[in-house]
Structure formats: structure tokens, C-alpha cells
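Remarks on the structure that follows.
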Amino acid sequence: MFKLNRRQFGSLLGATALVGAGQPVLAQDGKTLTIRFYDDPAGYDPANIFRIENENLAFNIFSGLTTYDSQTGEIIPDLATSWETTDNKTWTFNLRKGVQWQEGYGEFTAEDVIYSYSRILDPETASPYAGEFAGLVAMEAPDPYTLIIELDSPNGSFLHSVANYHQGQIVKKEAIEAAGDQVRWQPVGTGPYYMDFIDVNSQIILKRHDDYYQGPAPIETLVFNIIKDEATATIALRNGEVDLVMRSNREENLQTLMAEGFKMNTVDNYAVAVKVFNTEFEPFADARVRKAIAHAIDYDTITQALSPSLQQGYHSLLMPWMPVYTPDVARYPYDVEAAKALLAQAGYPDGFSFKHLGTSAQGVTELQQFEIDFLSKVGVAMEMDLVDTPTFNQRRNAGEFEMATRLLPAINPDMILANYLHPDNKVPGGLNGARYDNPEVTDLMAAAKAEPDPEKAKALYVQLQQIVMDDLPYLPTYANNVFWPGKQSVIGVQPNYLAQVNFWEVDVTTS
Numbered sequence: 001m002f003k004l005n006r007r008q009f010g011s012l013l014g015a016t017a018l019v020g021a022g023q024p025v026l027a028q029d030g031k032t033l034t035i036r037f038y039d040d041p042a043g044y045d046p047a048n049i050f051r052i053e054n055e056n057l058a059f060n061i062f063s064g065l066t067t068y069d070s071q072t073g074e075i076i077p078d079l080a081t082s083w084e085t086t087d088n089k090t091w092t093f094n095l096r097k098g099v100q101w102q103e104g105y106g107e108f109t110a111e112d113v114i115y116s117y118s119r120i121l122d123p124e125t126a127s128p129y130a131g132e133f134a135g136l137v138a139m140e141a142p143d144p145y146t147l148i149i150e151l152d153s154p155n156g157s158f159l160h161s162v163a164n165y166h167q168g169q170i171v172k173k174e175a176i177e178a179a180g181d182q183v184r185w186q187p188v189g190t191g192p193y194y195m196d197f198i199d200v201n202s203q204i205i206l207k208r209h210d211d212y213y214q215g216p217a218p219i220e221t222l223v224f225n226i227i228k229d230e231a232t233a234t235i236a237l238r239n240g241e242v243d244l245v246m247r248s249n250r251e252e253n254l255q256t257l258m259a260e261g262f263k264m265n266t267v268d269n270y271a272v273a274v275k276v277f278n279t280e281f282e283p284f285a286d287a288r289v290r291k292a293i294a295h296a297i298d299y300d301t302i303t304q305a306l307s308p309s310l311q312q313g314y315h316s317l318l319m320p321w322m323p324v325y326t327p328d329v330a331r332y333p334y335d336v337e338a339a340k341a342l343l344a345q346a347g348y349p350d351g352f353s354f355k356h357l358g359t360s361a362q363g364v365t366e367l368q369q370f371e372i373d374f375l376s377k378v379g380v381a382m383e384m385d386l387v388d389t390p391t392f393n394q395r396r397n398a399g400e401f402e403m404a405t406r407l408l409p410a411i412n413p414d415m416i417l418a419n420y421l422h423p424d425n426k427v428p429g430g431l432n433g434a435r436y437d438n439p440e441v442t443d444l445m446a447a448a449k450a451e452p453d454p455e456k457a458k459a460l461y462v463q464l465q466q467i468v469m470d471d472l473p474y475l476p477t478y479a480n481n482v483f484w485p486g487k488q489s490v491i492g493v494q495p496n497y498l499a500q501v502n503f504w505e506v507d508v509t510t511s
């Protein structure tokens with residue numbers, strides 16, 4: 001396999017991986033951390049990056065105007081030291097001075113932000129995240145360290161749009177132009193680490209950016225070894241071949257590592273998994289049927305039986321750590337008699353059958369088998385419609401299913417609410433697979449997003465959540481926890497609520 005190191009890459013055309021001859025020689029005068037990376041690399045251009053394992057690297061290479069506190073998920077300053085707005089429509093950002101780009105590209109200024117956001121909005125870029133800046137109508141830089149952004153309407157969640165995630169990550173024009181059609185493999189940012197080496201089949205290496213504005217990271221070299229199999233990754237940690245496992249998601253592996261005293265490094269309630277009801281399928285058009293399904297399945301019992309460390313039954317589209325979350329919504333506890341009564345009221349006293357979209361690669365999971373058994377007790381037959389993964393993705397995005405599943409990972413509650421509840425985002429043009437269209441909810445979303453007073457906005461969000469959970473276009477099933485098991489000597493590993501780790505906070509002790 002041909003491999004390039006970072007500085008050789010620009011001279012090669014059509015390459016698929018960064019390389020030098022053989023394995024790179026690691027520096028001997030600094031600390032090295034070896035981490036399990038669990039899938040094939042897919043590129044690191046913020047305009048089109050996807051999948052959390054790739055986003056973890058980008059999070060450490062790039063910066064945004066804002067970022068997220070690793071512990072709380074709170075928005076905190078990054079390349080912007082402060083910001084002001086009186087109406088959630090005109091935003092003034094005061095930028096950090098003296099920030100240096102990686103690879104010797106000079107000092108960061110407001111023009112870099114204007115270029116980055118304009119690139120996301122450019123149709124030729126074809127960024128799937130362009131919608132995050134859809135309301136942006138003007139950008140102005142009165143001086144190199146001040147940026148004024150004008151929106152077409154108030155947006156109280158705009159600080160999420162400019163955070164260190166996807167479209168909010170700032171790139172350098174000259175670096176983008178130098179990379180040409182290999183831009184996804186040549187990321188250049190202002191973050192604590194830069195891309196040094198990548199072999200798409202085996203290994204990725206990040207090196208410390210010594211001019212990072214917060215100071216050099218404690219660890220000089222991050223080596224990401226690609227290990228796809230969960231059991232193999234567990235063995236690699238136990239044998240000392242890696243120091244840290246990026247995402248372990250098998251209960252038996254976690255239990256083994258816990259018993260052997262490895263540090264678990266976890267975040268709870270990272271994201272909620274939901275059942276998507278296609279409301280154009282006759283039974284699911286009736287909210288009573290949707291509520292019957294909710295009462296019929298005991299997710300507390302299922303998750304406790306299958307994966308008590310990784311999941312727990314859940315009740316909302318939003319997570320408890322979100323400032324606008326309310327627990328005061330309709331709940332649907334396990335109740336067979338209530339489910340049967342609702343089905344009878346809706347005209348299905350003998351139940352009905354439906355098809356649940358899934359992947360042939362995964363097959364019928366243990367969790368789905370539990371769901372099938374629970375539903376059978378109220379006369380509802382759930383049949384699995386298993387297709388290959390590309391077909392699954394195509395059909396789910398097109399809304400060609402009777403029931404499907406989705407995971408809703410986001411720190412910004414407006415992203416979840418707009419994507420899954422707004423009629424403009426109905427499938428196939430968006431993620432609203434339930435085809436949900438409640439004008440009252442749509443109006444509340446707009447009013448809450450525009451309201452500058454936090455308490456008044458919270459009241460609108462509470463009302464919105466209460467209506468949605470009574471309509472139940474999506475059934476929350478369980479919340480996921482994230483684990484990054486590692487050696488006791490690896491400290492400061494804190495997955496945030498996007499399941500990312502800020503490696504600037506990580507160190508390796510010798511004691």
C-alpha cells in the first residue's frame with residue numbers, strides 16, 4: 001500500500017492516502033498515545049465530513065468560533081473570545097489575536113471565517129451542512145479581529161452553527177486551494193493537532209501543533225490504529241497494543257474491561273434512539289396506534305437485559321443536559337391492557353401487521369426480537385424488512401418504510417427539532433421521516449428560536465415538547481451511553497455530548 005506523509009502529499013496526484021515509504025518514525029522526545037480507530041477513514045473536510053470517528057479527528061485539527069465544554073456541553077469561546085447580540089439577528093464576534101495556522105499559513109483573521117462560511121454556502125461545494133447557514137445574509141470584517149454577521153431572522157441557536165463541528169470549523173483558503181481535489185485528506189486548521197500521516201487501511205497519525213493558542217498539548221503524537229472488530233480491540237487494549245479504545249459498544253467487552261480495572265471514560269445520555277412512524281401507513285396515521293406501540297414495549301426491561309451499561313429506556317427527543325429540556329411530557333409506561341384498549345379504539349381490536357426496515361448485515365438483532373415478542377402480546381406482528389446497507393440508507397432517507405429507526409445525536413436542540421418536526425424537512429428532502437406537520441409546533445419552533453429572553457424561550461420549548469410527545473410521531477426508545485475504555489495511566493479522556501474527545505485535555509502519567 002502506498003503511503004504518504006503530510007509534506008509529501010501535495011506532489012502526488014490521485015493518491016488515496018497520505019504516505020512515506022514504510023511506517024513513519026515517531027519522535028523520541030515526546031509522549032505518544034496509541035488509540036483504537038474503529039472504521040475506514042472517510043476524509044476530514046468540514047464541508048462534507050461525516051461519521052463520528054472522523055469528526056473526532058477533525059475536532060482536534062480545526063477550531064470554531066465557539067466550542068463545547070467537555071463536561072457540560074455548554075457553549076464556550078474558541079476562536080472568538082466573546083460575542084454580542086441584542087436581537088439574535090445581528091451577531092458581533094470579537095476574535096482571538098495571535099492564533100496561528102498549522103503548516104505555516106500565518107495568523108488567523110476574520111477573513112478566514114468569511115471564506116469558510118462562504119465556501120459552505122457555495123453550491124459548488126455541495127455541502128450537506130449548508131442549511132446551517134441558510135439564514136446568513138451578510139458578513140463584514142471591520143478589522144482583522146472583529147466579525148459582524150447578519151441573519152435574515154432571529155436565531156437564538158446560532159452559536160451552535162459556528163461551533164467546532166462540521167460547517168463551523170474554520171479552514172484556510174490557501175490550504176484549501178493548495179490541496180485541490182485531495183482536500184479531504186489534507187486538513188489544515190488552528191487546533192491542537194495536525195494531520196501528519198494516514199494509511200487508509202491501517203493507521204492515522206496526528207502531531208502536536210506547538211503554536212496552538214492555548215499552548216502545546218501534553219501528548220506529542222497520537223497514533224490511531226484501525227481495528228474494526230470490537231473483540232480484537234478489547235484484546236489489543238488488554239495486551240497493551242493500544243492505550244485507549246475509541247468507542248467500545250459491546251456489553252461483554254465492557255464488562256471484561258471493567259473487571260480488569262481499566263478506566264471506562266464515559267458520557268451518559270449522549271443521544272436518543274427513536275422509532276420513526278410513517279404516518280402515511282394507515283395504522284400509524286392514528287396517534288392512538290402510535291401510543292399503543294409505545295405502551296406495548298418495555299424498553300427498560302430490554303435494555304437492562306441486553307446492555308445495561310450502554311443503554312437505558314428513555315422518554316423524550318431531547319436530552320436532560322439540554323437547557324430547554326423538560327421532563328414534564330407524556331409518558332408511556334409498559335401497559336399491555338392500555339395498549340390493547342388504544343388499538344380497539346383505533347379500530348384494530350385484533351391488531352395488525354407491519355414491516356420494520358433493517359439491514360441484512362445486522363440481521364434481526366436481539367433487541368428487535370424482544371420488540372417482536374412484546375408486540376405479539378397485543379396482537380401486533382412486526383416483520384423485519386431486511387435489505388443491504390446502501391438500500392437501507394436510500395430507503396430510510398426517501399421515507400420508503402412503514403417503521404424505521406434513527407439516532408438523534410446533537411448538542412443543539414433546534415437541530416433535532418427542526419430536522420425531525422418541521423414540514424419543510426419531510427422525506428425525501430429531509431430527515432422528517434414521520435411526515436410530521438403540526439402548524440402549532442412549527443410556529444412554536446420559530447418563536448422559541450427567535451425569542452431573546454432565555455426564560456420565555458424555555459417556556460415555548462416546553463410547550464412544544466409537550467405537544468410533540470402527545471402526538472408521538474417518533475417513539476423514543478432508549479438513550480445511549482458512550483465508552484472509551486483505556487489504561488489507568490491515560491487521564492483527561494472525557495467524551496463530550498457529540499461523543500468527541502478533546503485530546504488537548506488528555507495526558508499520560510508515568511506513575
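In terms of our numbering, the sequence shown opens at residue 1 and continues consecutively.
Every residue, glycine too, gets a C-beta built ideally from N, C-alpha and C.
Straight across, the Cα-Cα distance linking Val468 with Val441 is about 8 Å. Annotation: Ile205 to Tyr193 spans about 10 Å, alpha carbon to alpha carbon. In the three-state DSSP reduction, Ala42 falls in the coil class, being neither helix nor strand. By the beta-carbon neighbour count (other beta carbons within 10 angstroms, threshold 16), Val245 is buried. Taken in chain order, the complete beta strand (DSSP E) segments of 3 residues or longer contained in the stretch 307-371 are 311-313, 353-359. According to the DSSP assignment, Ser118 belongs to the alpha helix (DSSP H) that extends over 110-121. If only complete runs of 3 or more residues are kept, the stretch 381-442 shows the beta strand (DSSP E) at 381-387, 403-408, in order along the chain.
Per DSSP, reduced to three states, the secondary structure at Met195 is strand. Taking a contact as a CB-CB distance under 8 Å, the pair Tyr38 and Leu57 does not count as one, their CB atoms being some 12 Å apart.
Here Trp101 is near Lys172, since their CB atoms are less than 8 Å apart. Looking at the backbone, the Cα of Asp388 and that of Tyr212 are separated by about 44 Å. DSSP places Pro454 in the helix class (H, G or I) of the three-state scheme.
Cα atoms of Asn397 and Trp185: separation of roughly 27 Å, rounded to the nearest angstrom.
Closest in C-alpha terms to Gly98, from the list Glu107, Thr92, Trp91, Thr90, comes Glu107. By alpha-carbon distance to Asn239, the top candidate from Gly486, Asn496, Thr509, Ile491 is Gly486.
In the displayed model, Thr81 falls within a strand according to three-state DSSP. The continuous beta strand (DSSP E) containing Val274 extends over residues 266-277. By the criterion of at least three beta-carbon pairs nearer than 8 Å, the stretch 45-56 is in contact with the stretch 487-507.
Leu237 carries a helical assignment under DSSP once its states are collapsed to helix, strand and coil.
In the three-state reduction of the DSSP assignment, Met246 falls in the coil class. When only Cα atoms are considered, Glu132 and Ala344 end up about 44 Å apart. A Cβ-Cβ contact shorter than 8 Å links Lys291 with Leu342. Within a 10 Å sphere around the beta-carbon of Ser489 sit fewer than 16 other beta-carbons, which makes this residue exposed. By the beta-carbon neighbour count (other beta carbons within 10 angstroms, threshold 16), Phe277 is buried. By the C-beta density criterion, Leu407 is exposed, having fewer than 16 other C-beta atoms within 10 angstroms.
The beta carbon of Gly351 sits closer than 6 Å to those of Gly379, Val380, all from its chain and outside the five residues before and after it, given in chain order. For the options Leu237, Val272, Asn480, Leu464, the alpha carbon positioned closest to that of Gly261 is the one of Leu237.
Shown here, Pro473 sits in coil according to DSSP, grouped into three states, outside any helix or strand. Non-local beta-carbon contacts of His209 in its own chain, meaning distances under 7 Å to residues more than five positions away in sequence, involve Gln102, Gly191, Pro192, Tyr193, Tyr194 in chain order. Setting aside the 5 residues that flank it on each side, Ile302 is surrounded in the same chain by Leu367, Phe370, each with a C-beta closer than 7 Å to its C-beta; the list follows chain order. Fully enclosed alpha helix (DSSP H) runs of no fewer than 4 residues are not present anywhere in the stretch 472-509.
The alpha carbon of Ile176 has as its nearest neighbour, out of Arg119, Asp443, Asp286, the alpha carbon of Arg119. Counting the other CB atoms within 10 Å of its CB gives Asn481 a total of 16 or more, which places it among the buried residues. Contact between Tyr68 and Ile411 is confirmed by a C-beta separation of about 6 Å, below the 8 Å threshold.
Burial check for Phe62: the Cβ neighbour count within 10 Å reaches 16 or more, so the residue is buried.
Boundaries around Arg208 are those of the beta strand (DSSP E), 203-208, since no alpha helix (DSSP H) includes it.
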